[in-house]
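Novice: To start, I am sharing the structure in question, which I have written as structure tokens.
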Amino acid sequence: MRKTALSAALAAMVFGTACDSSVGGNDSGRLTLLLTDAPGDFQEAVVTISSIYLQGDANSDNESGRVMLRTGPVTTDLLTLANDVATLVDAVEVPAGTYGQLRFVIDGGYVRIETETGSEVYSTPGYSEAPAVVDGELMCPSCGTSGIKVNLQGNLEVDGTAETLLVDFDVSETFGHEAGASGGWVMHPSLKASPLAAAASLKVSLGLAGGLTLPLLSGLAVTLGDFSAELKGALADPSVSGELVSFSDTDGDGTFEAKFSNVVPGDYQLFLRAPAGLNFTASVAFPFDLTVDAGGTVAESFTITGASAAS
């Protein structure tokens, strides 16, 4: 697998400064908090966030140092937030200063997983938002009263301007199979943040090698539009898929593209998924490893070099 350091960033959870939005002199600032996600291989991934707060000291859990941003619970299906955002906090006044932590307190959650015979639901114990019938337990050893740390890239500086923080709740890194043979699931919430200025998009281009024709599958023609690009966190459970985006040729130039929005700087894996029944080779080996830095638009191009119907 090839490791690539990109000068542009995929931003999924981001905070930044609107320099022309001065409020309250230097005594306070206003913070807006947005939530986004790249969905994993689930039918539902629901969590309840009961409160959100800032902590001044990056190494302390002292309640006296907390600045509460939200105390009312919000329940959301994370799968609805792909390439989209939900506003959790809207222009809340925050005292000026340096904050080392952003924390989310999670009350509970459940996932609905597709199976060969339908679906199964795994829920944290006593979760009121779970369906009436639950098939197993979703454990969350890191959920507690002190909250889940959001991975900030450095400290958050509030200096009298308006700040926007976009937070990514990464499904592919958050949910995974329990170790062993129990068949249960575990939730280790993975939340990340970076400056809003680092927000970017990823454009994946796909073409065919010269003279290559894709085979028929069950008598039907196959095009590059039947392929998908999949992006997931580098620490994702291997059994959990990431965000899938289909390729399309919107401008008719023969090059198919898949675009990802709201991806945060960090380490990722990019996969190329073919339609069922098709074997293929490409110009690089997949998964393709990405180390994403802050910037604008990331562009990667790949070529299908061989294709055949599975025997």
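The working numbering applies: residue 19 is where the sequence shown begins, and numbers increase by one. Every residue, glycine too, gets a C-beta built ideally from N, C-alpha and C.
Using the rule of at least 16 other Cβ atoms within 10 Å of the residue's Cβ for burial, across every protein chain shown, is D205 buried or exposed?
Specialist: Here residue 205 turns out to be Met, not Asp, going by the sequence shown. Classification for M205: buried.
Novice: Do you know how far the Cα of D285 is from the Cα of D95?
Specialist: 24 Å
Novice: Does P207 pass the burial test, meaning 16 or more other C-beta atoms within 10 Å, or should it be called exposed?
Specialist: It is buried - the Cβ of P207 has at least 16 other Cβ atoms within 10 Å.
Novice: If we call anything under 8 Å between Cβ atoms a contact, is V92 one with K210?
Specialist: Cβ distance not < 8 Å, so V92 and K210 don't count as in contact.
Novice: In whole angstroms, give me the CA-to-CA distance for E111 and C158.
Specialist: 31 Å
Novice: If we ignore side chains and look at the alpha-carbon of each, how far apart do R291 and Y128 end up?
Specialist: 27 Å
Novice: Select from F274, N297, T323 the residue whose C-alpha is nearest the C-alpha of A317.
Specialist: F274
Novice: Using the three-state DSSP reduction, which class does G324 fall into: helix, strand or coil?
Specialist: Of the three classes helix, strand and coil, the one that applies to G324 here is strand, per DSSP.
Novice: Whole angstroms is fine: what's the gap from P233's alpha carbon to F306's?
Specialist: 25 Å
Novice: Taking the alpha-carbon positions, what's the I124 to P256 distance?
Specialist: 24 Å
Novice: For E248 versus S264, is the C-beta distance shorter than 8 Å?
Specialist: no
Novice: What is the DSSP secondary structure of G154, counted as helix, strand or coil?
Specialist: strand
Novice: Could you check what DSSP says for S190 in three-state terms: helix, strand or coil?
Specialist: S190: helix per DSSP, three-state reduction.
Novice: Strictly by DSSP, which residues pair up with G126?
Specialist: T66
Novice: With distances taken from CA atoms, which of V64, L174, S319, F278 is nearest V189?
Specialist: V64
Novice: Identify the residues that DSSP records as bridge partners of Y286: which are they?
Specialist: G251, L308
Novice: Reducing DSSP to helix, strand and coil, say where D244 ends up.
Specialist: helix
Novice: By DSSP, does T98 sit in helix, in strand, or in coil?
Specialist: helix
Novice: Give every residue of the same chain whose Cβ lies closer than 6 Å to the Cβ of L253, excluding the five residues on either side of it in the sequence, and list them in chain order.
Specialist: E191
Novice: When DSSP labels each residue in this structure, what does D83 get in the three-state scheme?
Specialist: As written in the sequence, residue 83 is Gly, which differs from the Asp given in the question. G83 falls in the helix class under three-state DSSP.
Novice: Note down the Cα distance separating T163 from T133, rounded to an integer number of angstroms.
Specialist: Cα to Cα, T163 sits roughly 34 Å from T133.
Novice: Looking only at its chain, what residues have a beta carbon closer than 6 Å to the beta carbon of A36, apart from the 5 residues adjacent to it on each side?
Specialist: Because the pLDDT at A36 is just 30, under 50, the model does not fix this residue reliably, and the value given afterwards should be weighed accordingly. Same-chain partners within the cutoff: A180.
Novice: Around the Cβ of L72, are there at least 16 other Cβ atoms within 10 angstroms (buried) or fewer (exposed)?
Specialist: buried
Novice: Between L97, E147, D108, which lies nearest to L87 when the distance is taken from Cα to Cα?
Specialist: Closest in C-alpha terms to L87, from the list L97, E147, D108, comes D108.
Novice: Measuring straight from C-alpha to C-alpha, what distance separates A325 and G229?
Specialist: 12 Å
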